[in-house]
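Protein chains in written order, with the numbering used here: chain H, 515 to 921; chain V, 89 to 388; chain L, 107 to 369. Think of the CB as a built atom: it goes at the ideal place given N, C-alpha and C, for glycine as much as any other residue. Written below as structure tokens is the structure these notes are about.
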Ligand SMILES: Nc1ncnc2c1ncn2[C@@H]1O[C@H](COP(=O)(O)OP(=O)(O)OP(=O)(O)O)[C@@H](O)[C@H]1O
Ligand SMILES: [Mg+2]
């Protein structure tokens with residue numbers, strides 16, 4: 515009887531979705547040729563698809579409801595990777611394997627694959643940068659791409675006008691982006707969370723529109739081309755060499771970023787960020803300067819975006835405003851949300867999944883943004899902590915203290 | 089002088105469209121404190137539904153009046169259905185989640201809907217059928233105010249009056265006002281809060297659909313991306329007027345519409361959108377409570 | 107009142123729109139004292155805490171803090187974090203811990219205003235930063251032991267029992283090394299056993315010389331702990347004195363309609 519009820523409900527919901535999607539999914543008009551195509555099959559797919567998804571969701575909710583009491587089990591189950599990382603020997607082995615794979619990658623696979631991987635690694639770094647702002651400090655920054663643009667145009671313009679090289683501009687691009695972060699952060703960071711999100715979104719769009727319209731400065735929508743590739747100790751590299759070089763450069767960048775972000779996260783400053791995310795008022799009452807702490811998170815995130823902007827300009831040798839739309843910010847946000855806000859391993863995994871998957875499942879790549887949107891919604895509803903939840907940090911001091919007491 | 093009046097009317101027309109969208113933002117914010125980021129997409133879907141239905145009917149040779157009525161009703165019905173469904177799927181499960189969760193969910197929904205229309209329909213700009221013909225009696229002043237502008241202004245005024253009557257006098261309007269003042273209290277006195285929230289989304293979405301229909305027939309073309317910019321601008325208007333305040337949304341929309349119209353008319357049209365975004369950033373920084381909103385003191 | 111005052115409040119007034127939640131309130135706390143602030147629901151006690159800790163900006167009035175042997179400083183217009191730095195630390199009536207941080211980390215946040223390491227320190231972990239981090243750990247752990255939460259240090263704060271969460275808030279506030287500790291209804295929601303333990307804890311902290319200002323509805327607790335009591339109603343001070351004086355004060359009995367005071 516209960517099953518029948520469920521089926522009936524599923525069928526009704528399917529029917530509702532068929533109705534809902536009817537004009538957009540079924541009818542297709544060509545206003546020029548004045549023809550109408552009725553795609554009735556789509557209605558059928560919609561009905562079946564909705565029914566299956568509904569059943570799966572119901573099943574998922576029921577199962578979760580049953581396993582709720584044993585929170586211990588849930589924590590253990592969610593952290594296979596952390597258990598792998600906990601054991602020092604296994605961790606060492608894992609790192610060696612990863613390092614070997616990373617080094618061998620360009621030797622074993624084509625230049626195209628290497629290039630794709632380089633892009634994915636850039637998103638890893640961007641994700642880790644945004645993770646400081648969104649994941650740790652809890653500031654929803656929807657204009658992250660603006661800082662990326664600042665870095666990219668810093669290199670593009672200074673290289674174009676003054677012929678300055680990649681390595682000179684790299685720190686400069688990062689610092690300039692960080693300065694922009696501070697400049698924007700000063701007025702904006704006292705706003706409540708959701709207003710902050712919209713203001714940063716507005717700021718990102720302003721930067722893009724200015725780049726598009728201020729032709730004398732940025733060459734407008736056509737952008738700047740022929741930007742110098744990164745050089746290796748002053749050596750100019752050929753195309754293939756440069757692809758491989760960019761790849762190794764990004765591997766080093768990722769390692770550097772992980773190192774720094776990990777240290778920041780486990781410091782006095784990192785704790786303050788997390789506390790700020792959890793409860794601003796309690797945080798202030800404990801003596802944390804809210805604005806200063808937020809500003810530091812914001813500008814550090816911007817710094818990384820700026821660095822990546824410089825790398826992006828050097829890698830593609832071409833920048834134009836179209837690379838810095840809101841969708842780019844949304845992709846980086848999806849990476850952080852999918853991986854797990856505040857979790858370094860999670861963000862890396864999120865970037866690799868979201869960037870590599872559409873590349874390798876070519877047929878599906880047109881559904882990429884559709885999937886990103888769905889991921890944001892589904893993660894918030896079903897798994898807000900992300901694929902890999904941040905680990906609870908334990909401190910070794912306790913042991914030494916107990917030992918000291920025992921002896 | 090004519091030029092000035094022309095700009096004035098074009099500003100009021102813009103403002104009317106913004107107002108129709110901004111009301112949805114403001115009402116939803118008033119009730120559940122969420123920036124419904126997907127609201128711009130509802131407007132887009134309303135316009136798209138009108139486009140599809142109107143084109144089909146015109147191909148099958150229906151008379152103009154029938155097309156206008158059927159397309160208008162379809163736009164409202166479907167937009168309202170989308171609004172209702174989106175709330176149930178993407179926001180209702182997150183009602184007790186941390187504040188940023190529903191916002192992220194809303195952003196995801198917005199991206200999803202854009203790409204859904206892009207994939208199921210087209211990425212091109214499509215020509216929207218001309219639903220509003222030039223009225224003969226408008227002939228003498230046609231260089232100052234077009235017939236479409238007149239229709240938009242009149243429709244907006246009528247819709248606003250109806251909305252005000254609903255909010256002031258109907259049961260659901262009273263329940264809405266009660267819920268926006270104190271949700272817990274409203275539950276205690278027996279108001280079905282879920283129903284109120286659903287109705288808010290339905291009303292807001294219907295208004296956005298009317299706006300979508302009007303603007304699409306005014307501009308004459310349509311695209312899956314029109315919701316993003318219109319949504320942000322309408323949100324700007326809602327914040328300018330004081331988010332949560334219904335008269336504020338209308339006031340803010342008119343101010344935004346007029347300033348945009350005069351700025352593009354007398355200064356330059358290159359920075360039209362920069363202007364709206366800058367206004368948004370400046371208001372949020374300097375007067376986040378808006379013109380008619382009230383500043384609140386968070387209770388500790 | 108033999109010792110000198112550390113906290114002095116005069117003429118404190120707070121308006122919310124039309125409501126006057128605090129009306130020209132005077133209050134002082136001397137070093138080493140336990141002072142209680144009592145009054146019926148909505149009297150404005152929590153608002154008083156919010157005003158002196160900088161969370162609300164009072165409409166009028168002055169707040170001064172005097173460190174032992176130091177100069178009197180005004181707390182007017184300071185941001186909450188600056189107030190805490192000067193030496194006022196508080197707990198919250200409706201517990202405000204950091205739920206997704208461990209118990210130990212919660213207390214470590216309290217050490218924030220007494221430590222310095224910043225970006226570069228975090229990245230390079232120079233010896234000074236490492237020493238500082240070690241100090242944060244040791245002090246925080248000691249605070250946890252003091253309130254009896256030592257063995258819970260690696261649990262998430264949200265998983266603690268209600269009473270334990272209240273004690274954790276006390277530990278977190280103590281970690282800031284306050285001149286004056288402000289407790290907002292620390293016994294609310296506790297069972298009798300927990301309340302007795304809490305009483306012991308407050309006495310222990312007080313014996314170590316910590317001055318305490320306490321808001322509490324549990325009259326037994328208030329009477330047994332406090333050296334002096336201030337009574338508020340409708341934002342005004344209606345009485346002040348020793349527990350005995352307060353017990354016999356007719357204005358107080360009237361404000362409470364004779365209910366809890368006899369207890
Ligand atoms: N942020 C605020 N905005 C408006 N009114 C407020 C605010 N905070 C407190 N009030 C009002 O001030 C008055 C005093 O409140 P307060 O919380 O200080 O009382 P209290 O003495 O702590 O009561 P309780 O014993 O219930 O905790 C109440 O009428 C309350 O509604
Ligand atoms: Mg209180």
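Next item on the list: Please report how far the alpha carbon of residue 156 of chain V lies from the alpha carbon of residue 261 of chain V, in whole angstroms.
Entry: 29 Å
Notebook entry, point to check: Under a three-way DSSP split, which group does residue 309 of chain V fall into?
Noted result: strand
Next item on the list: Counting only runs of 3+ residues fully inside the region 820-891 of chain H, write out the beta strand (DSSP E) ranges in chain order.
Entry: none
Next item on the list: With distances taken Cα to Cα, identify the nearest neighbour of residue 516 of chain H among H/566, H/866, H/547 and H/572.
Entry: H/572
Notebook entry, point to check: Between residue 228 of chain L and residue 643 of chain H, which are expected to be in contact by the criterion C-beta below 8 Å, what is the C-beta distance as a whole number of angstroms?
Noted result: Rounded, the Cβ-Cβ distance is 16 Å, inconsistent with contact.
Check: Alpha carbon to alpha carbon, how far is residue 112 of chain L from residue 653 of chain H?
Finding: 38 Å
Note to self: Run through chain V and tell me which residues come within less than 7 Å of residue 156 of chain L, C-beta to C-beta.
What the structure shows: 388
Margin query: Between the alpha carbons of residue 710 of chain H and residue 699 of chain H, how many angstroms are there, rounded?
Written below: 10 Å
Notebook entry, point to check: Taking Cβ positions, are residue 200 of chain V and residue 884 of chain H nearer each other than 9 Å?
Noted result: yes
Next item on the list: To the nearest angstrom, report how far apart residue 43 of chain V and residue 322 of chain V are at their CA atoms.
Entry: Nothing about residue 43 of chain V can be reported from this structure: the residues present for chain V run from 89 to 388 only.
Next item on the list: Look up residue 728 of chain H in the DSSP assignment and say whether it is helix, strand or coil.
Entry: coil
Next item on the list: With a cut-off of 8 Å on the beta carbons, I'd call residue 305 of chain V and residue 216 of chain V a contact; round off their distance for me.
Entry: 6 Å
Notebook entry, point to check: Is it buried or exposed for residue 752 of chain H, if we count other Cβ within 10 angstroms and need 16 for buried?
Noted result: exposed
Margin query: Does the beta-carbon of residue 163 of chain V, which I'm using as the reference point, lie nearer than 8 Å to any heavy atom of ligand 1?
Written below: no
Check: For residue 637 of chain H, which residues from the same chain have a beta carbon less than 8 Å from its beta carbon, with the 5 sequence-adjacent residues on both sides left out?
Finding: 845, 846, 849, 865, 868 and 869
Check: Under 8 Å from any heavy atom of ligand 2, does the C-beta of residue 190 of chain L make it?
Finding: no
Next item on the list: Count the other CB atoms, across all protein chains shown, that sit within 10 Å of the CB of residue 547 of chain H; report buried if there are 16 or more and exposed otherwise.
Entry: exposed
Next item on the list: Report yes or no: do three or more beta-carbon pairs, one from the region 191-210 of chain V and one from the region 889-903 of chain H, lie closer than 8 Å?
Entry: yes
Note to self: Three Cβ pairs or more, each shorter than 8 Å: is that satisfied between the region 214-227 of chain L and the region 784-803 of chain H?
What the structure shows: yes
Note to self: By the three-class DSSP mapping on this structure, what secondary structure does residue 136 of chain L have?
What the structure shows: strand
Checklist line | residue 564 of chain H to residue 558 of chain H span [Cα, whole Å] | finding: 10 Å
Notebook entry, point to check: Helix, strand or coil: which one does DSSP assign to residue 755 of chain H?
Noted result: helix
Notebook entry, point to check: What does residue 550 of chain H pair with, by DSSP beta-bridge criteria?
Noted result: H/543
Notebook entry, point to check: When the Cα of residue 331 of chain V is compared with those of V/313, V/178 and V/368, which residue comes out closest?
Noted result: V/368
Note to self: At the level of alpha carbons, what is the spacing between residue 536 of chain H and residue 523 of chain H?
What the structure shows: 20 Å
Note to self: Could you check whether the region 805-816 of chain H touches the region 233-252 of chain L, counting it as contact only if at least three pairs of C-beta atoms, one from each stretch, sit closer than 8 Å?
What the structure shows: no
Next item on the list: Can you grab the Cα-Cα spacing for the pair residue 272 of chain V / residue 176 of chain V, in whole Å?
Entry: 20 Å
Next item on the list: Please compile the residues from chain A whose C-beta is within a distance smaller than 7 Å of the C-beta of residue 376 of chain V.
Entry: Checking the listed chains, one finds no chain A in this structure; the protein chains it contains are H, V and L.
Check: Could you give the residue range of the alpha helix (DSSP H) that holds residue 262 of chain V?
Finding: 259-269
Notebook entry, point to check: According to DSSP, is residue 318 of chain L helix, strand or coil?
Noted result: strand
Check: Residues bridged to residue 195 of chain L by DSSP?
Finding: L/287
Checklist line | Residues near residue 130 of chain L in its chain [Cβ-Cβ closer than 6 Å; skip 5 each side] | finding: 117 and 119
Notebook entry, point to check: Any heavy atom of ligand 2 closer than 8 Å to the CB of residue 151 of chain L?
Noted result: yes
Margin query: Rounding to the nearest angstrom, what Cα-Cα distance links residue 149 of chain L and residue 241 of chain V in this structure?
Written below: 53 Å
Note to self: Closest to residue 135 of chain L by C-alpha separation, out of L/313, L/199 and L/287, would be which residue?
What the structure shows: L/287
Check: Going along the chain, which residues of its own chain have a beta-carbon closer than 6 Å to the beta-carbon of residue 767 of chain H, five neighbours each way excluded?
Finding: 639
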